[in-house]
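Residue numbers (our numbering): 46 to 193.
Working notes, structure below.
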């Protein structure tokens, strides 16, 4: 539906577990940061949206698939792309890839691709900030999301 938005994330000590790899739940934090920066790139700040509309985004569903671990000091490219826009929800596909891409081992003529570490489908609802009840997405917001 939309073009992917990309955001760089460096893996710090605080992101890793005792084994030196990214703790599995921290990918959700990486994905949250990328979604927030994607909204900022569209000129949308979440606090301002709340003040102007009385609504906020909340995560209502997640599904993650882990392919390979990220490690301390790795640089990741985290992406966010809207795949479905409903009346009160949006669904995004998100990926965390090792950056920069490594040369392909298969053949010299194949393009270089950043290695997929984790991918997710995340559903976000738009709710009234005071009651947390679902609201229709504001038309101006829908228009902006459709253009992204």
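Note that beta-carbon positions come from the ideal geometry of N, C-alpha and C, so glycine has one too.
- Message: What does the alpha-carbon distance come out to for the pair residue 100 and residue 84?
- Response: In the chain shown, the residue the question calls residue 100 occupies position 55. In the chain shown, the residue the question calls residue 84 occupies position 39. Approximately 15 Å, taken between the alpha carbons.
- Compute the Euclidean distance between the alpha carbons of residue 72 and residue 125, then round it to the nearest angstrom. Within the chain shown, the letter at position 27 stands for residue 72. Within the chain shown, the letter at position 80 stands for residue 125. The alpha-carbon atoms of residue 72 and residue 125 are separated by roughly 13 Å.
- Task: Report the three-state DSSP secondary structure of residue 76 (helix, strand or coil).
- Result: Taking the chain shown and counting its residues from 1, the one referred to as residue 76 is at position 31. If DSSP states are grouped into helix, strand and coil, residue 76 belongs with the helices.
- How is the beta strand (DSSP E) around residue 53 delimited, first residue to last? For the purposes of this step, residue 53 is taken as residue 8 along the chain shown, with counting starting at 1. Segment 50 to 55, the beta strand (DSSP E) holding residue 53.
- First through last residue of the alpha helix (DSSP H) which encompasses residue 91: Translated into positions along the chain shown, residue 91 becomes position 46. Residue 91 -> alpha helix (DSSP H) spans 91 to 98.
- Task: Look at the Cβ atom of residue 98, then the Cβ atom of residue 183, and state whether they are nearer than 8 Å.
- Result: Taking the first residue of the chain shown as position 1, residue 98 is located at position 53. Taking the first residue of the chain shown as position 1, residue 183 is located at position 138. Yes, Cβ-Cβ distance for residue 98 and residue 183 is below 8 Å.
- Sort 174, 179, 189 and 190 by Cα distance to residue 92 and report the nearest one. Walking along the chain shown from the start, residue 92 turns up at place 47. The shortest Cα separation from residue 92 among 174, 179, 189 and 190 belongs to 174.
- Task: Consult DSSP for residue 173 and reduce its assignment to one of helix, strand or coil.
- Result: Counted from its first residue, the chain shown places residue 173 at position 128. Of the three classes helix, strand and coil, the one that applies to residue 173 here is strand, per DSSP.
- Item | Contacts around residue 172, its chain only, beta-carbon distance under 7 Å, and the 5 residues preceding and following it disregarded | Working through the chain shown from its first residue, we reach residue 172 at position 127. For residue 172, where only same-chain residues beyond five positions count, the Cβ hits under 7 Å are 100, 101, 103, 178, 179 and 180.
- Message: Against chain D, with Cβ distances strictly below 8 Å, would residue 191 count as a contact?
- Response: In the structure shown, chain D does not exist; there is a single protein chain.
- Query: Nearest CA to the CA of residue 138: which residue from 192, 96, 76 and 162?
  - Reply: As a working note, residue 138 is residue 93 in the chain shown. For the residues 192, 96, 76 and 162, the minimum Cα distance to residue 138 belongs to 76.
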